[in-house]
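Q: Can you read through this structure? Questions will come right after.
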Amino acid sequence: MELKNRPRRLRTNGIIRNLVRETKLNIEDLVYPLFVVEGENIKKEIPSLPNNYHFSIDKLVEEVKELTKLGIHYIMLFGLPDKKDNIGSSAYSDDGIVQRAIIEVKKEITDIYIITDICMCQYTDHGHCGLLTEDGKIENDTTVEKLSKIAVSHAKAGADMVAPSDMMDGRIAHMRRELDSEGFKDTPIMSYSIKYASSFYGPFRDAAHSTPSFGDRSSYQMDFTNPKESLREAEIDIDEGADIIMVKPALSYLDIIRRVDEKYNIPIAAYNVSGEYAMIKMAIKNGLMDEKVIYESLLSIKRAGADIIITYFAKEIAEKLRGRN
Ligand code: PBG
Numbered sequence: 001m002e003l004k005n006r007p008r009r010l011r012t013n014g015i016i017r018n019l020v021r022e023t024k025l026n027i028e029d030l031v032y033p034l035f036v037v038e039g040e041n042i043k044k045e046i047p048s049l050p051n052n053y054h055f056s057i058d059k060l061v062e063e064v065k066e067l068t069k070l071g072i073h074y075i076m077l078f079g080l081p082d083k084k085d086n087i088g089s090s091a092y093s094d095d096g097i098v099q100r101a102i103i104e105v106k107k108e109i110t111d112i113y114i115i116t117d118i119c120m121c122q123y124t125d126h127g128h129c130g131l132l133t134e135d136g137k138i139e140n141d142t143t144v145e146k147l148s149k150i151a152v153s154h155a156k157a158g159a160d161m162v163a164p165s166d167m168m169d170g171r172i173a174h175m176r177r178e179l180d181s182e183g184f185k186d187t188p189i190m191s192y193s194i195k196y197a198s199s200f201y202g203p204f205r206d207a208a209h210s211t212p213s214f215g216d217r218s219s220y221q222m223d224f225t226n227p228k229e230s231l232r233e234a235e236i237d238i239d240e241g242a243d244i245i246m247v248k249p250a251l252s253y254l255d256i257i258r259r260v261d262e263k264y265n266i267p268i269a270a271y272n273v274s275g276e277y278a279m280i281k282m283a284i285k286n287g288l289m290d291e292k293v294i295y296e297s298l299l300s301i302k303r304a305g306a307d308i309i310i311t312y313f314a315k316e317i318a319e320k321l322r323g324r325n
């Protein structure tokens, strides 16, 4: 055949394929979520998130050292407190689990960037992300004040960035103001701006002991039928001073990542959530898919427009990525 166009020419071998590769995934794109618990000498695998662990602070420090050797310098910390109450007070206590963890990690390791999740659901006895009124409704404005308190206490302990995941209205503006007035003008906020009410969070709630004791999160998290609303949430948070906006979940929401990325000139993070992780892990474990699917799915998130990917796969993919790019 006399063909002028033969796209296969650029697929002949690995060397040429590398040259024309449009999207690359780097270790620096990845943020690794870690769960810290009270106690000592604990490194216990989380059943719902195989290959991820609950760490006591001492073991967390060891883990972070290992991560930096692998080239992972961005972590997102989630705390599991011993005590919960109806106002989540251990979330903003100076000797809370996350606050102490930050201090200990920073004491020993300098090349680590700690992002902290700001929310109340692990700390409240009812498991909701905010304070409740007498009749069990989530109270937006008083919750926002508490969230800012949590953010400031994390920043004081040495957190490099804060990431509110609660989905209350107006929390970014309030948090920015509070951080600034406490001397943390340079602490960025990564807002979980576009967080859908999703069943893909199931394994996380087991891991973080944060399942709500009644009802669900649909009065604060977004309805997954609404793509336009993602732009409205992004716009509000950018206007309130967010530095990075996040879309969550990632894999079933690639269209949302793309929309937001096309519209706004701000770094976009995507959270490759626990359910997405668990599905792929199970499929690989059962021999249904090759483990190369991990790279393929993370790359699809990048291709959709995410600059930053928060993923439980970060550690296991780090070694593999080294040789690839
Ligand atoms: C806390 C929070 C959740 C996740 C991150 N921060 C759970 C939720 O909103 O129910 C989910 C992360 C995951 O599923 O991996 N609000």
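Residue numbers (the UniProt record's numbering): 1 to 325.
Ideal Cβ placement from N, Cα and C applies to all residues, glycine included.
All of these numbers come straight from a predicted model, not from anything done at the bench.
1) Residue range of the beta strand (DSSP E) that E45 falls in?
2) Heavy atom of ligand 1 less than 7 Å from the Cβ of Y201, yes or no?
3) Are the CB atoms of K43 and K59 nearer to each other than 8 Å?
4) Of the residues L254, N265, D169, E319, which one's Cα is nearest the Cα of L299?
5) Going by beta carbon distance, what residues of the same chain come within less than 6 Å of V105, once the five residues before and after it are set aside?
6) So for H128, helix, strand or coil by DSSP?
7) Does the distance from the CB of L231 to the CB of S297 come in under 8 Å?
8) Counting pairs of Cβ atoms below 8 Å between the stretch 80–89 and the stretch 174–191, do you hit three or more?
9) What is the residue span of the beta strand (DSSP E) that F214 lies within?
10) Using the rule of at least 16 other Cβ atoms within 10 Å of the residue's Cβ for burial, across every protein chain shown, is P81 buried or exposed?
11) Measuring alpha carbon to alpha carbon, tell me which of E240, F204, Y295 ends up nearest H54.
12) Is F224 helix, strand or coil by DSSP?
13) Could you give the first and the last residue of the continuous beta strand (DSSP E) run that contains Y271?
14) Would you call the stretch 116–129 and the stretch 151–171 in contact, with 3 or more CB pairs under 8 Å?
15) Buried or exposed: T12, going by 16 or more other Cβ atoms within 10 Å of its Cβ?
16) On the three-state DSSP scale, how would you describe L77?
17) Is V293 near ligand 1 - that is, is its Cβ less than 7 Å away from at least one heavy atom of it?
18) Would you say the beta carbon of F204 is closer than 7 Å to some non-hydrogen atom of ligand 2?
19) Could you check whether the Cβ of D261 sits closer than 7 Å to any heavy atom belonging to ligand 1?
20) Taking its Cβ as the centre, do 16 or more other Cβ atoms sit within 10 Å of S218, making it buried, or is it exposed?
21) Could you tell me whether any non-hydrogen atom of ligand 1 is closer than 7 Å to the CB of Y271?
22) Within a Cβ cutoff of 6 Å, which residues of the same chain sit near F313, ignoring the five residues on either side of it in sequence?
23) Which residues in the same chain have their Cβ closer than 6 Å to the Cβ of A197, if we skip the five residues on either side of it in sequence?
24) Whole angstroms is fine: what's the gap from A269's alpha carbon to H73's?
A: A quick look at the data gives this:
1) Walking along the sequence shown from the start, residue 45 turns up at place 45. From DSSP, the beta strand (DSSP E) with E45 extends over 43–46.
2) Counting from one through the sequence shown, the residue named residue 201 turns up at place 201. Y201 Cβ: within cutoff of ligand 1.
3) As a position in the sequence shown, residue 43 is number 43, starting the count at 1. As a position in the sequence shown, residue 59 is number 59, starting the count at 1. Contact: yes.
4) What you label residue 299 is simply residue 299 of the sequence shown in a count that begins at 1. Of the candidates L254, N265, D169, E319, the one whose C-alpha sits nearest the C-alpha of L299 is L254.
5) Within the sequence shown, residue 105 is the residue found at index 105, counting from 1. Around V105: V61, V64.
6) Translated into the one-based positions of the sequence shown, residue 128 becomes position 128. Looking at H128 - three-state DSSP - the assignment turns out to be coil, as it is neither helix nor strand.
7) For this step, residue 231 is matched to residue 231 along the sequence shown. For this step, residue 297 is matched to residue 297 along the sequence shown. Contact: no.
8) no
9) Within the sequence shown, the letter at position 214 stands for residue 214. Per DSSP, F214 belongs to no beta strand (DSSP E) and is neither H nor E.
10) Counted from its first residue, the sequence shown places residue 81 at position 81. Flag for P81 reads buried.
11) On the sequence shown, position 54 is the one that residue 54 refers to. The residue with the shortest Cα to Cα distance from H54 is F204.
12) Against the sequence shown, residue 224 aligns to sequence position 224. Note: F224 maps to coil in three-state DSSP.
13) Numbered from its first residue, the sequence shown carries residue 271 at position 271. It spans 268–272 - the beta strand (DSSP E) in which Y271 sits, taken as one unbroken run.
14) yes
15) Sequence index remark: in the sequence shown, residue 12 carries index 12 (1-based). With fewer than 16 Cβ atoms within 10 Å of its Cβ, T12 is classed as exposed.
16) In the sequence shown, counting from the first residue as 1, residue 77 sits at position 77. L77 falls in the strand class under three-state DSSP.
17) Counted from its first residue, the sequence shown places residue 293 at position 293. V293 Cβ: outside cutoff for every heavy atom of ligand 1.
18) This structure simply doesn't include ligand 2; it includes ligand 1 instead.
19) Locating residue 261 in the sequence shown gives position 261, where the first residue counts as 1. Checking every heavy atom of ligand 1 against the Cβ of D261, none is found closer than 7 Å.
20) Here residue 218 is taken as the residue at index 218 of the sequence shown, counted from 1. Burial call: exposed.
21) To locate residue 271, count along the sequence shown from 1; it is residue 271. Y271 Cβ: within cutoff of ligand 1.
22) Against the sequence shown, residue 313 aligns to sequence position 313. Taken in chain order, the residues that qualify are I294.
23) Here residue 197 corresponds to residue number 197 of the sequence shown, with the count starting at 1. So the list reads R217, S218, Q221, once near-sequence residues are dropped.
24) Residue 269 sits at position 269 when you count from the first residue of the sequence shown. Residue 73 sits at position 73 when you count from the first residue of the sequence shown. About 16 Å.
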